[in-house]
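Asks: Residue numbers (full-length UniProt numbering): 1 to 339. Pasting a structure below so you can have a look.
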């Protein structure tokens, strides 16, 4: 199998570290470049990275010399994977695109651009097909980490939903390595995350809608979101209430969720979970400490009453919500013959 060569921007951050880790010994994706901030350029990755995630720095990455974000430093890559912060990402990504490079980005700018696919592979891999109409290079965007998690259990039942009402409980790692001070979050819940509610509402409507070459047709269902930050290290949770269009029972919903499979599972892609949705029957599930899965979304508390569905969804914000979804998108594009 032909290999896909990638370089990683923001390789020393939390999401970048997960990309580096997940790509160790990958069967067909090869890391050909790692990039970091200007003060780290020219130094070995293993010397400068503050490794914060489980395990050790992968052996293959330790002696890679860090490069800049300038396009010439990434010309050997088939696709550049961007783990850059939102506030600096788009100018850098735009330069790469202008230089003819392909980009898959985790950053929020341009996610709602009608010409740019916003991809969670199990949910809307079909949207990638618009890239077949693109002459030259392209950019693909990852969704917001919480939207990526929520969209998974919504996809198998979206035809039954009239409106969504969501309250999130988002871990501190979603704010980045230095995102929140200990004093701000210890023993506390912050019932507001700037810009997050609007992102989730808009991005769910885009991913669950239809994508055309020049536009997307949104799903069009009302989505109401309240976001909160909680003192948990990893994992984002969402309490979802969905008003349904017809009478169904709880078992019917559980069957739909547990049987859901999509192209990544059908093609047995390396990063795809065998079960993208894990329905857990314990009355106190899901819990971040017990039920967090790197790529699958754990679902519990499923019940239907008076045409209102209640469920609780839990996902890994750094893997399913960021690094893992990026790699799975590369694998999906390879399977579709786009890469």
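C-beta: ideal position from N, C-alpha, C; glycine also. Since the model is a prediction, treat every value here as computed from it, not as a measurement.
Secondary structure at residue 2, three-state DSSP: helix, strand or coil?
Replies: coil
Asks: Kindly indicate which residue of 323, 243 and 108 has the alpha-carbon position closest to the one of residue 85.
Replies: Of the listed residues, the one whose Cα sits closest to residue 85 is 108.
Asks: Kindly confirm or deny that the stretch 8-28 and the stretch 315-328 touch, where touching means at least three C-beta pairs closer than 8 Å.
Replies: yes
Asks: Considering only residues of the same chain and omitting the five flanking positions on each side of residue 217, which have a CB-CB separation below 6 Å?
Replies: Within the same chain, 209 and 210 come within 6 Å of residue 217 by CB-CB distance, once the 5 residues on both sides are set aside.
Asks: How about residue 151 and residue 120: do their beta carbons lie closer than 8 Å?
Replies: yes
Asks: Assign residue 35 to buried or exposed, taking buried as 16 or more other Cβ atoms, counted over all protein chains shown, within 10 Å of its Cβ.
Replies: buried
Asks: Which residues in the same chain as residue 162 place their Cβ atom closer than 6 Å to its Cβ, once the five residues preceding and following it in sequence are excluded?
Replies: Excluding sequence neighbours, residue 162 sits near 243 and 245.
Asks: Leaving out the 5 sequence neighbours to the left and right, which residues in its chain are closer than 6 Å to residue 237 when beta-carbon positions are compared?
Replies: 169 and 314
Asks: How would you call residue 65, buried or exposed, if buried means at least 16 neighbouring beta carbons within 10 angstroms?
Replies: exposed
Asks: Figure out for me which residue from 159, 56 and 215 has the closest Cα to the Cα of residue 118.
Replies: 215
Asks: Of all the options 190, 260, 33 and 59, which has the alpha carbon lying nearest to the alpha carbon of residue 123?
Replies: 260
Asks: Looking only at its chain, what residues have a beta carbon closer than 8 Å to the beta carbon of residue 240, apart from the 5 residues adjacent to it on each side?
Replies: 150, 153, 154, 164, 165, 166, 309, 310, 311, 312 and 313
Asks: Could you tell me whether the stretch 89-102 touches the stretch 134-144, where touching means 3 or more Cβ pairs closer than 8 Å?
Replies: In this structure the stretch 89-102 lies against the stretch 134-144, because at least three pairs of beta carbons, one per stretch, are closer than 8 Å.
Asks: Starting from residue 20 and walking both ways along the alpha helix (DSSP H), at which residues does that stretch end?
Replies: Where residue 20 is concerned, the enclosing alpha helix (DSSP H) stretches over 14-22.
Asks: What residues in its chain sit with their C-beta under 8 Å from that of residue 55, if we drop five residues either side in the sequence?
Replies: 21
Asks: Run through DSSP, which three-state label would residue 81 get?
Replies: strand
Asks: Quick one: what's residue 211 bridged to in DSSP?
Replies: 216
Asks: So, for residue 52: in the same chain, excluding its five sequence neighbours on each side, which residues have a beta-carbon less than 8 Å away from its beta-carbon?
Replies: 14, 17 and 177
Asks: Thinking residue 49 and residue 41 are a contact (beta carbons under 8 Å), I'd like their distance in whole angstroms, please.
Replies: About 13 Å; that fails the 8 Å criterion.
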